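Colleague: One point on numbering: in UniProt numbering, the residue at position 93 of the sequence shown is 93, and numbering is uninterrupted.
One structure coming up, written as structure tokens, with questions to follow.
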Amino acid sequence: MNPATNSAGRSRMRRVAAVPVALATLALTQSAAVADPATNDVQSVLDTLTPHHLTVAEGITRTTYSSDSSEIVVRVAVIDPDLGAISLDSTVGAGVGVKEPTTAMLATVGTTAKDAPYVGVNGGYSVSTKDEDDATGKSIPEERSFPMVTSVQEDVVQGAACLKGQNAVVLQHGRPHFTKITTTLGITSDRNTADTADDATRVVDAVNRYPGWIAFCPQEAGDKSLPYTTDANGDVQRLDQYGNVIKSGPYYQDSSEIVVFTSAYGQKTPEPRHTPFVAADDADGVEVAVDASGRVTAVKSPRGGMDVPPGGMVLQGIGDDAQTGGGAQWLRDHAMVGAKLTYTQRATDLGVVEDPTDDVDLPLDPAYPSIDVVNGTHDLMRHGRVVAEPADNVANDPRTAIGADGYGRTLLVSVTARDEGLRRGVPIYDLAKIMEDLGAVDALNLDGGGSTTFVVDGQVKNVLSDAGGVERPVYDAVYAGRGGHGLPAGGN
Numbered sequence: 001m002n003p004a005t006n007s008a009g010r011s012r013m014r015r016v017a018a019v020p021v022a023l024a025t026l027a028l029t030q031s032a033a034v035a036d037p038a039t040n041d042v043q044s045v046l047d048t049l050t051p052h053h054l055t056v057a058e059g060i061t062r063t064t065y066s067s068d069s070s071e072i073v074v075r076v077a078v079i080d081p082d083l084g085a086i087s088l089d090s091t092v093g094a095g096v097g098v099k100e101p102t103t104a105m106l107a108t109v110g111t112t113a114k115d116a117p118y119v120g121v122n123g124g125y126s127v128s129t130k131d132e133d134d135a136t137g138k139s140i141p142e143e144r145s146f147p148m149v150t151s152v153q154e155d156v157v158q159g160a161a162c163l164k165g166q167n168a169v170v171l172q173h174g175r176p177h178f179t180k181i182t183t184t185l186g187i188t189s190d191r192n193t194a195d196t197a198d199d200a201t202r203v204v205d206a207v208n209r210y211p212g213w214i215a216f217c218p219q220e221a222g223d224k225s226l227p228y229t230t231d232a233n234g235d236v237q238r239l240d241q242y243g244n245v246i247k248s249g250p251y252y253q254d255s256s257e258i259v260v261f262t263s264a265y266g267q268k269t270p271e272p273r274h275t276p277f278v279a280a281d282d283a284d285g286v287e288v289a290v291d292a293s294g295r296v297t298a299v300k301s302p303r304g305g306m307d308v309p310p311g312g313m314v315l316q317g318i319g320d321d322a323q324t325g326g327g328a329q330w331l332r333d334h335a336m337v338g339a340k341l342t343y344t345q346r347a348t349d350l351g352v353v354e355d356p357t358d359d360v361d362l363p364l365d366p367a368y369p370s371i372d373v374v375n376g377t378h379d380l381m382r383h384g385r386v387v388a389e390p391a392d393n394v395a396n397d398p399r400t401a402i403g404a405d406g407y408g409r410t411l412l413v414s415v416t417a418r419d420e421g422l423r424r425g426v427p428i429y430d431l432a433k434i435m436e437d438l439g440a441v442d443a444l445n446l447d448g449g450g451s452t453t454f455v456v457d458g459q460v461k462n463v464l465s466d467a468g469g470v471e472r473p474v475y476d477a478v479y480a481g482r483g484g485h486g487l488p489a490g491g492n
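Below you can see the structure in the form of structure tokens.
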């Protein structure tokens, strides 16, 4: 089966020209950039804080910026694989479908305690179906997790991208590459239809999420926004299938889908009527199990409750109209027991120029994995310039960010409250200015709020903002681990 330094040592009022960072296998380079001098004299949050430096390991320096007069603390890990045997990776812990605290995920890395990562932070955005009940108070019956948008783990797509692409960071060979990613997924059966000798092929709509329910952005052309109204203040209010106002979102729905669950899913596949938000999720649909060789071993309806075969996959389909590409009907027609299915995946780097000629597929090869992709929302910096907008300065939430400086070093950053019991951080634009002040050339905002977690040697170092100071379960984590062989910045 196919796959399913010490940055504070430089004056904070000066910027360094960026050196291209080579990613040999990707054949992608970060652009050389010089920060805009016009922005250099703007005071950032760091100018009001005092740095305290610690060396975590050879090649990793941790700096804590704080002040008795400030309610926030900025924590920074500078990772330089040129100076030590350091890897840069991400992990989903026990499984894609299982949310865990960042410390728990990092504890799964390696086989012994000696393999534990030096430093890590929470990763990208995801959806937990137990975060909220619907407006009627109906509780969602299970707790599951799926990536809100793009996710790649060890060269396998674990979460589909937005239709128009999603901001993300590609991790490979100890270096980050900041870009926008799209995904293209498909399934082919050797059981053709009566009127053609060709193998039957269909688009796969998503990976490791509920059929019919799409969070954050459309992933295929058929995904439709939930209905909405506008309140007296002009704010959009999204409605569920019963007409009740939904507290979260945005959400989309599609009544005809095929969704792949990979062997990394980590729990039984979801059953129908899991979410009250959309009617499309109510469909019984069809579910097929596929072994590691690509052979269908079981077919059932209604869907749900299957374990994903080791090295294999499970496909769930909804939609019974064959004329419109109904996912359930396609599986009935082409995925009977014994059929051979071939799953194809592509993750395309849209590059740094809005031009199709700049696009290139990531060289995904699950047999020799080297690539992880972690999603984010706001681009903070690109080519040495702040690209976040001042209009984004609306919420002082805890923040997590990842960046790369002009020397090819990786920056892992958290901004949280200084004292327990407070929920403090900075707005997005201020976060971008912090990254600029740290010497970043490119930077991306990761999941924040109660998810923000900064871990060193297995211990949480920041103040956690959720009630009771509890570490929030998240989808994935980014870490600097032991071993690895980073490519020298500017190498070929």
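A virtual CB, placed ideally from N, CA and C, is assigned to each residue, including glycine.
As the structure is a prediction and not an experimental result, all values here were calculated from the model.
Mapping DSSP to helix, strand and coil, what is L185?
Modeller: Taking the first residue of the sequence shown as 1, we reach residue 185 at position 185. It is a strand residue.
Colleague: Name the two residues that bound the continuous alpha helix (DSSP H) containing D333.
Modeller: By 1-based counting over the sequence shown, the position of residue 333 is 333. Note, D333: alpha helix (DSSP H), G327 to H334.
Colleague: Do D379 and V387 have their beta-carbon atoms positioned less than 8 Å apart in this structure?
Modeller: Against the sequence shown, residue 387 aligns to sequence position 387. Against the sequence shown, residue 379 aligns to sequence position 379. D379 is positioned such that its CB atom lies closer than 8 Å to that of V387.
Colleague: Determine the direct distance from the alpha carbon of T64 to that of V96, and round the result to whole angstroms.
Modeller: Along the sequence shown, read from residue 1 onward, the residue named residue 96 stands at position 96. Along the sequence shown, read from residue 1 onward, the residue named residue 64 stands at position 64. Rounded to the nearest angstrom, the two C-alpha atoms are 32 Å apart.
Colleague: Do L341 and V286 count as a contact pair if the criterion is CB distance below 8 Å?
Modeller: Sequence index remark: in the sequence shown, residue 286 carries index 286 (1-based). Sequence index remark: in the sequence shown, residue 341 carries index 341 (1-based). No, the Cβ-Cβ distance between V286 and L341 is not below 8 Å.
Colleague: Can you list, in chain order, the residues of its chain with a C-beta nearer than 7 Å to that of G93? Leave out the 5 residues immediately preceding and following it.
Modeller: By 1-based counting over the sequence shown, the position of residue 93 is 93. For G93, where only same-chain residues beyond five positions count, the Cβ hits under 7 Å are E100, A104, M105 and T108.
Colleague: If you scan the segment 407–489 from start to end, which runs of the alpha helix (DSSP H) of 4 or more residues do you find wholly inside it?
Modeller: 428–437
Colleague: Assuming contact is defined by CB atoms lying nearer than 8 Å, are S44 and K461 in contact in what I supplied?
Modeller: Position 44 of the sequence shown, counted from the first residue, corresponds to residue 44. Position 461 of the sequence shown, counted from the first residue, corresponds to residue 461. Result no, Cβ atoms of S44 and K461 do not sit closer than 8 Å.
Colleague: What is the residue span of the alpha helix (DSSP H) that T103 lies within?
Modeller: Counted from its first residue, the sequence shown places residue 103 at position 103. From DSSP, the alpha helix (DSSP H) with T103 extends over T102 to A107.
Colleague: Helix, strand or coil for V387 per DSSP?
Modeller: Here residue 387 is taken as the residue at index 387 of the sequence shown, counted from 1. V387: coil per DSSP, three-state reduction.
Colleague: Pull up the CB-CB distance for W330 and I402, whole angstroms please, since I reckon it's below 8 Å.
Modeller: Residue numbering aside, residue 330 sits at position 330 when the sequence shown is read from its first letter. Residue numbering aside, residue 402 sits at position 402 when the sequence shown is read from its first letter. About 39 Å separates the two Cβ atoms, so there is no contact after all.
Colleague: Mind reading off the beta-carbon distance from A77 to R62? Whole number of angstroms is fine, and I expect it under 8 Å.
Modeller: Working through the sequence shown from its first residue, we reach residue 77 at position 77. Working through the sequence shown from its first residue, we reach residue 62 at position 62. In this structure A77 is in contact with R62, their Cβ atoms being roughly 5 Å apart against a cut-off of 8 Å.
Colleague: What is the DSSP secondary structure of A322, reduced to helix, strand or coil?
Modeller: The residue given as residue 322 occupies position 322 in the sequence shown. Per DSSP, reduced to three states, the secondary structure at A322 is helical.
Colleague: Any contact of the segment 287–294 with the segment 229–246, i.e. 3+ C-beta pairs under 8 Å?
Modeller: no
Colleague: Measuring CA to CA, which of G327, D320, A264 and A328 is closest to P309?
Modeller: The residue given as residue 309 occupies position 309 in the sequence shown. When only C-alpha atoms are compared, the closest one is A264.
Colleague: If S465 and R423 are in contact, beta carbons under 8 Å, what's the gap, nearest whole angstrom?
Modeller: The residue given as residue 465 occupies position 465 in the sequence shown. The residue given as residue 423 occupies position 423 in the sequence shown. So it is a contact: roughly 4 Å between Cβ atoms.
Colleague: Does DSSP classify L341 as helix, strand or coil?
Modeller: Taking the first residue of the sequence shown as 1, we reach residue 341 at position 341. Strand at L341.
Colleague: Which same chain residues, not among the five before or five after Y118, have their C-beta less than 6 Å away from its C-beta?
Modeller: Position 118 of the sequence shown, counting from 1, holds the residue named residue 118. For Y118, where only same-chain residues beyond five positions count, the Cβ hits under 6 Å are V56, A57, I60 and A480.
Colleague: Buried or exposed, going by whether 16 or more other CB atoms sit within 10 Å of the CB of A395?
Modeller: One-based indexing of the sequence shown puts residue 395 at position 395. Answer is exposed; the Cβ neighbour count stays below 16.
Colleague: Taking the straight line between their C-alpha atoms, what separation do you get for K71 and V441?
Modeller: Locating residue 71 in the sequence shown gives position 71, where the first residue counts as 1. Locating residue 441 in the sequence shown gives position 441, where the first residue counts as 1. It should be pointed out that residue 71 corresponds to Glu in this sequence rather than to Lys. For E71 and V441, the gap between their C-alpha atoms comes out near 27 Å.
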